[in-house]
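Participant: Take this structure, written in structure tokens, and hold onto it; I'll ask about it next.
Numbering (the numbering used here), first residue to last: 45 to 218.
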């Protein structure tokens with residue numbers, strides 16, 4: 045079996061992780077938009093104030109959800125149609141590292157908000173929107189962990205192989 049033809053373990057694992065991240069991202073986005081019985085669920089932000097949700101948190105979360113879904117789709121298409129140079133990309137490592145921090149931040153904010161949430165008119169901590177909100181927060185933290193694993197795979201792939209595609213270029217002295 046020719047390793048160059050079938051790809052390395054890191055490339056195959058990274059592609060599988062990107063597909064898993066894309067589907068998880070779609071699931072989180074569906075919960076975010078329709079998790080409150082078909083209505084907007086949101087992340088929250090400050091449950092101890094009169095307003096329902098913090099606009100800054102919602103804007104940040106929406107940007108990360110939609111932006112990283114588009115980014116993952118484009119990277120998967122690039123892996124399918126690109127050559128080996130596209131698989132060793134510093135931009136992918138940086139986007140995965142930043143994505144890991146952003147997704148864990150959003151998941152933490154969602155879990156913090158929905159743990160303290162009580163539905164209107166009742167003093168019960170059990171409500172369907174609370175359960176969906178906690179699930180959305182947990183899936184966001186899992187998404188951050190997937191980005192961290194993909195960052196490590198990308199680093200391993202980036203720092204092995206020929207140096208002609210690396211940041212430090214090879215100079216010859218004549």
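Just so it is clear, CB atoms sit at the ideal spot from N, CA and C, and this is done for glycine as well.
(1) Could you check the C-alpha separation between residue 115 and residue 148 for me, to the nearest Å?
(2) Tell me residue 83's beta-bridge partners as DSSP assigns them.
(3) How far does the alpha helix (DSSP H) with residue 133 in it extend, from its first residue to its last?
(4) Considering residue 200, what are the terminal residues of the alpha helix (DSSP H) in which it resides?
(5) Output the distance between the C-alpha atoms of residue 198 and residue 65, rounded to the nearest integer angstrom.
(6) Compare the Cα-Cα distances from residue 124 to each of 62, 204 and 202 and report the closest residue.
(7) Which of the three DSSP states, helix, strand or coil, is assigned to residue 98?
(8) When we look at the beta-carbon of residue 135 and count the other beta-carbons within 10 Å, is it buried (16 or more) or exposed?
(9) Could you check the C-alpha separation between residue 85 and residue 77 for me, to the nearest Å?
(10) Do residue 150 and residue 181 have their C-beta atoms within less than 9 Å of each other?
(11) Closest to residue 72 by C-alpha separation, out of 161, 110 and 139, would be which residue?
(12) Does DSSP put residue 122 in a helix, a strand or coil?
Facilitator: In short, the structure shows the following:
(1) 18 Å
(2) 80
(3) Element bounds for residue 133: n/a, residue is neither H nor E.
(4) 172-202
(5) 15 Å
(6) 62
(7) coil
(8) exposed
(9) 6 Å
(10) yes
(11) 110
(12) helix
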